[in-house]
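Reading through the structure tokens given below for one structure.
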Amino acid sequence: MQVPFIGLRVVVPPEWIDVNGHMNATRYGLAVYDAQVNLTEEIGMGEAYVRKYACGKAVLESHMIYEREVALGDELEIRSWLLAVDAKRLHFCHEVFNLSGNVRAAISEQVDIHIDLQKRRSSELPRCLLAQLQQRVRANLQLPLPDKLGSTLRPPKNTWL
38 MQVPFIGLRV VVPPEWIDVN GHMNATRYGL AVYDAQVNLT EEIGMGEAYV
88 RKYACGKAVL ESHMIYEREV ALGDELEIRS WLLAVDAKRL HFCHEVFNLS
138 GNVRAAISEQ VDIHIDLQKR RSSELPRCLL AQLQQRVRAN LQLPLPDKLG
188 STLRPPKNTW L
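Just so you know, we're using my numbering here: the sequence shown kicks off at 38 and counts up by one.
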């Protein structure tokens, strides 16, 4: 088991660059989504799981912090973590590293819910899968955790009112 899991490696193509000359925010989200799909396969909850059990997962909440600009041709690596799991929910973290600049460019967190796709309702994870996921969480928690986990939005205050 590789921890954290390398969810994606990609070189930023021209179509990801916006009018400001840097990677568009939507592309960060799509890159993280691709990393999440790859991690989902890695942890045994991908397409084969969905077909076999008619269960899957859906995002309940997500949050992205943009820390550094990313430019055309930069090489990105997304390090994907499973940080917590209970009977129905999974907490994921994805760090977007700009290998070209040797900096973290963004961090994304999300909480997913396990769902029964026939009932369209939340359902408990199978016990054997839950035990495997708990093992991955334990392995991830042995490492120093990414900075800014669990952060909240800090909007400006309307001091002019």
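All residues carry an ideal CB built from backbone N, CA and C; glycine is no exception.
Note that the structure is a prediction, hence the values are computed from the model and not measured.
Contact check, F129 vs Q147 under 8 angstroms by CB: the rounded distance? In the sequence shown, counting from the first residue as 1, residue 129 sits at position 92. In the sequence shown, counting from the first residue as 1, residue 147 sits at position 110. F129 to Q147, Cβ: 5 angstroms. Contact.
Out of curiosity, what's the CA-to-CA distance linking R88 and D71? As a working note, residue 88 is residue 51 in the sequence shown. As a working note, residue 71 is residue 34 in the sequence shown. Cα to Cα, R88 sits roughly 20 angstroms from D71.
Mind checking S145: buried by the 16 CB within 10 Å criterion, or exposed? One-based indexing of the sequence shown puts residue 145 at position 108. Label assigned to S145: buried.
Pair within 9 angstroms by beta-carbon distance, E104 and R141: Locating residue 104 in the sequence shown gives position 67, where the first residue counts as 1. Locating residue 141 in the sequence shown gives position 104, where the first residue counts as 1. Yes, these two residues count as a Cβ contact at 9 angstroms.
Enumerate in chain order the residues of its own chain whose CB-to-CB distance from G44 is below 6 angstroms, with the five nearest sequence positions on each side excluded. The residue labelled residue 44 in the question sits at position 7 within the sequence shown. Within the same chain, G44 has close Cβ partners A72, N75, L76, I115, S117.
Apart from the five residues just before and just after L97, which ones in its own chain have a Cβ nearer than 6 angstroms to its Cβ? Here residue 97 is taken as the residue at index 60 of the sequence shown, counted from 1. Closer than 6 angstroms at Cβ, skipping near neighbours: V148, I150.
Quick one: Cα of Q172 to Cα of K185, how far? Taking the first residue of the sequence shown as 1, we reach residue 172 at position 135. Taking the first residue of the sequence shown as 1, we reach residue 185 at position 148. Each residue's alpha carbon lies about 24 angstroms from the other.
For M38 versus A176, is the C-beta spacing smaller than 9 angstroms? Locating residue 38 in the sequence shown gives position 1, where the first residue counts as 1. Locating residue 176 in the sequence shown gives position 139, where the first residue counts as 1. Yes, the Cβ-Cβ distance between M38 and A176 is below 9 angstroms.
G93 beta carbon less than 9 angstroms from that of I152: The count along the sequence shown starts at 1 and reaches residue 152 at position 115. The count along the sequence shown starts at 1 and reaches residue 93 at position 56. In this structure, G93 lies closer than 9 angstroms to I152 by Cβ.
Cα-Cα separation between T196 and Y90, rounded to whole angstroms: Taking the first residue of the sequence shown as position 1, residue 196 is located at position 159. Taking the first residue of the sequence shown as position 1, residue 90 is located at position 53. Each residue's Cα considered, the two are about 53 angstroms apart.
Could you check the C-alpha separation between G182 and G58 for me, to the nearest Å? For the purposes of this step, residue 182 is identified with residue 145 of the sequence shown, where counting begins at 1. For the purposes of this step, residue 58 is identified with residue 21 of the sequence shown, where counting begins at 1. Residue identity differs from the one stated: residue 182 is Leu in this sequence, not Gly. For L182 and G58, the distance between alpha carbons rounds to 32 angstroms.
What are the residues that DSSP puts in a beta bridge with I102? Residue mapping note: residue 102 aligns to position 65 of the sequence shown, counting from 1. I144, per the DSSP bridge assignment.
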